[in-house]
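A.B. asks: What follows is a single structure, and I will ask about it in a moment.
Chains as they are written, first to last, in the numbering used here: chain Z, 33 to 359; chain L, 3 to 129.
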């Protein structure tokens, strides 16, 4: 039979206390080391700070409108905080949705470009003179405090990030802390590009996605400028040519649109999307028989294509449109 | 499963009626948009258009329910892409809203955990 003395009991309880303290710390912080892929400052010069970035102090729960207002103003948009709030604030949720931040940027004729995760994406944009809107969770995963702020500076030597945040005009955070708060939103960050501006670190699919969103929401003039800029980065890219052609069509510039669809078809004779839209462009110019010929060619190539029904729709439209009348 | 079939049926029904009204064509339906081309999945574009139409109505009514001025709603949904509308349909409250609000449930939970660790409560015991 084994007996225990008091000193052993004291030791156990101390260890138990240490273990629970560690456990509480672990729960509170959810602490993990950041992989270098996200904590790396990237090749941008350091320190960087866009000191001229305007500041709008947030009203209660309105960090979304304030942060977006900062971004849009820095991007040359003339608007008011009230107008921005009317587009992104959701009263019953006491906050703003990411989707609405993107949508309101489109409403301001800007390209909402969502950055690749990682600090280097932010510093690259800062180096290009654009502040970056980020979504942070200042709380913890199970007691979240979601917060929008705008990164205006980064300093690799002192390992610090500078933000326009809430009611702080110049909030300085230690970078590891910033990264932890940002990681909880899966590193969500975006910036607004003027139509014609390219992102500092151009990612083709992110860029096309962003501009196609402008097209889909009817901002054709902005989309045209953005497609043109895209083509200067990725010349002859079929998706960008198609986007530019669609913008020209939507703006009523049918001969420009026609030339672009034809250019696509010279590269790929079997492009059903180009031929379909070419037919629509011809019918818009009252050239119905040419349009019908194009759609017939497309229908002959469309065996088993998911676009078959679209092509048939187009054919119906051409047949129903009186000759010589453009829409 | 059942509700999905019902939904498909409703979408096709509305699709037919919209087409017969000529609405789909009036909206420039036969032009193929750039977004449609970069999407990996190729779906029936006409069904997608109707689904988007329904989603837009749904998101608009949700925004009003969450306190947005009805006058601002059209411009707000009008600037969302089809993919965004479909993602928000039926569950605007599932998307996180950044606004510095601290969830009360979170604080209650924190207090509960502390109480639990202090041995005051026994809420988290598996039953």
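Cβ atoms here follow ideal geometry from the backbone N, Cα and C, with glycine treated the same way.
Take residue 90/Z and list the residues in its own chain whose beta-carbon comes closer than 7 Å to its own, dropping the five residues that flank it on each side.
C.D. replies: Numbered from 1 along the first chain, position 58 holds the residue referred to as residue 90/Z. For residue 90/Z, where only same-chain residues beyond five positions count, the Cβ hits under 7 Å are 98, 198 and 199.
A.B. asks: Where residue 196/Z and residue 66/L are concerned, what is the direct C-alpha to C-alpha distance, given to the nearest angstrom?
C.D. replies: In the first chain, the residue the question calls residue 196/Z occupies position 164. In the second chain, the residue the question calls residue 66/L occupies position 64. Roughly 30 Å separates the two Cα atoms.
A.B. asks: Is residue 177/Z close to chain L? Criterion is C-beta to C-beta, closer than 8 Å.
C.D. replies: Start at 1 with the first residue of the first chain, and residue 177/Z comes out as number 145. Yes, residue 177/Z counts as interfacial toward chain L.
A.B. asks: Using only the alpha-carbon positions, how far apart do residue 46/Z and residue 90/L sit?
C.D. replies: The residue given as residue 46/Z occupies position 14 in the first chain. The residue given as residue 90/L occupies position 88 in the second chain. Using only the alpha carbons, I get a separation of about 51 Å.
A.B. asks: Give the interface partners of residue 111/L over in chain Z, defined as CB-CB distance under 7 Å, in chain order.
C.D. replies: The residue labelled residue 111/L in the question sits at position 109 within the second chain. Result: 174 and 175.
A.B. asks: What does residue 68/L touch in chain Z if you count any residue whose Cβ is under 7 Å from its own?
C.D. replies: Within the second chain, numbered from 1, the residue matching residue 68/L stands at position 66. By Cβ distance, chain Z contributes 122, 123, 124 and 125.
A.B. asks: Using 8 Å as the threshold, is the C-beta distance between residue 69/Z and residue 127/Z below it?
C.D. replies: For this step, residue 69/Z is matched to residue 37 along the first chain. For this step, residue 127/Z is matched to residue 95 along the first chain. In this structure, residue 127/Z does not lie closer than 8 Å to residue 69/Z by Cβ.
A.B. asks: Does the beta carbon of residue 117/L come closer than 8 Å to any beta carbon on chain Z?
C.D. replies: Counting from 1 along the second chain, the entry for residue 117/L is found at position 115. So no, residue 117/L is outside the interface.
A.B. asks: Excluding the 5 residues preceding and the 5 following residue 120/L in the sequence, name in chain order all residues of the same chain whose CB lies nearer than 7 Å to its CB.
C.D. replies: In the second chain, the residue the question calls residue 120/L occupies position 118. Result list for residue 120/L: empty, nothing under 7 Å.
A.B. asks: Taking 7 Å as the cut-off, is the C-beta of residue 192/Z nearer than that to any heavy atom in the ligand ADP?
C.D. replies: No copy of the ligand ADP appears in this structure; indeed no ligand is present at all.
A.B. asks: For residue 58/L, which residues in chain Z fall below 9 Å Cβ to Cβ?
C.D. replies: Reading the second chain from its first residue, position 56 is the one you call residue 58/L. The contacting residues do not exist; residue 58/L stays about 11 Å from chain Z at best.
A.B. asks: Does the distance from the C-beta atom of residue 310/Z to that of residue 341/Z stay below 8 Å?
C.D. replies: As a working note, residue 310/Z is residue 278 in the first chain. As a working note, residue 341/Z is residue 309 in the first chain. Between residue 310/Z and residue 341/Z, the C-beta spacing is not below 8 Å.
A.B. asks: Comparing the C-beta of residue 39/L with each C-beta of chain Z, is any distance below 8 Å?
C.D. replies: Mapped onto the second chain, residue 39/L falls at position 37. Against chain Z, the CB of residue 39/L has a partner CB under 8 Å away; the residue lies at that interface.
A.B. asks: Determine the chain Z residues that contact residue 53/L at a beta-carbon separation under 9 Å, and present them in chain order.
C.D. replies: Translated into positions along the second chain, residue 53/L becomes position 51. Here the premise fails: no neighbours, minimum Cβ distance about 14 Å.
A.B. asks: Please report the straight-line C-alpha distance between residue 26/L and residue 58/L, rounded to a whole angstrom.
C.D. replies: Residue 26/L sits at position 24 when you count from the first residue of the second chain. Residue 58/L sits at position 56 when you count from the first residue of the second chain. Residue placement at residue 26/L is flagged as unreliable, the pLDDT there being 45, under the threshold of 50; a coordinate-derived value is accordingly withheld.
A.B. asks: For a contact meaning CB atoms closer than 8 Å, what does residue 77/L contact in chain Z?
C.D. replies: Position 75 of the second chain, counting from 1, holds the residue named residue 77/L. Neighbours of residue 77/L on chain Z, chain order: 119 and 139.
A.B. asks: How many angstroms separate the CA atom of residue 252/Z from the CA atom of residue 285/Z?
C.D. replies: Here the question's residue 252/Z lines up with position 220 in the first chain. Here the question's residue 285/Z lines up with position 253 in the first chain. Cα to Cα, the separation comes out at about 11 Å.
A.B. asks: Quick check: what's the CA-CA separation for residue 170/Z versus residue 216/Z?
C.D. replies: Locating residue 170/Z in the first chain gives position 138, where the first residue counts as 1. Locating residue 216/Z in the first chain gives position 184, where the first residue counts as 1. Cα to Cα, residue 170/Z sits roughly 9 Å from residue 216/Z.
A.B. asks: Restricting to Cα atoms, I'd like to know which of 180/Z, 354/Z and 245/Z is closest to residue 35/L.
C.D. replies: The count along the second chain starts at 1 and reaches residue 35/L at position 33. Of the listed residues, the one whose Cα sits closest to residue 35/L is 245/Z.
A.B. asks: For the beta strand (DSSP E) that contains residue 195/Z, what are its first and last residues?
C.D. replies: If you number the first chain from 1, residue 195/Z lands on position 163. Here the beta strand (DSSP E) through residue 195/Z covers 192 to 197.
A.B. asks: Taking the alpha-carbon of residue 85/L as reference, which of 76/L, 101/L and 61/L has the nearest alpha-carbon?
C.D. replies: The residue labelled residue 85/L in the question sits at position 83 within the second chain. When only C-alpha atoms are compared, the closest one is 61/L.
A.B. asks: Across which residues does DSSP place residue 235/Z in a beta bridge pair?
C.D. replies: Sequence index remark: in the first chain, residue 235/Z carries index 203 (1-based). DSSP output for residue 235/Z lists no bridge partner at all.
A.B. asks: Taking the alpha carbon of residue 236/Z as the point to measure from, which residue in 227/Z, 88/Z, 269/Z and 205/Z has its own alpha carbon closest?
C.D. replies: Counted from its first residue, the first chain places residue 236/Z at position 204. It is 269/Z.
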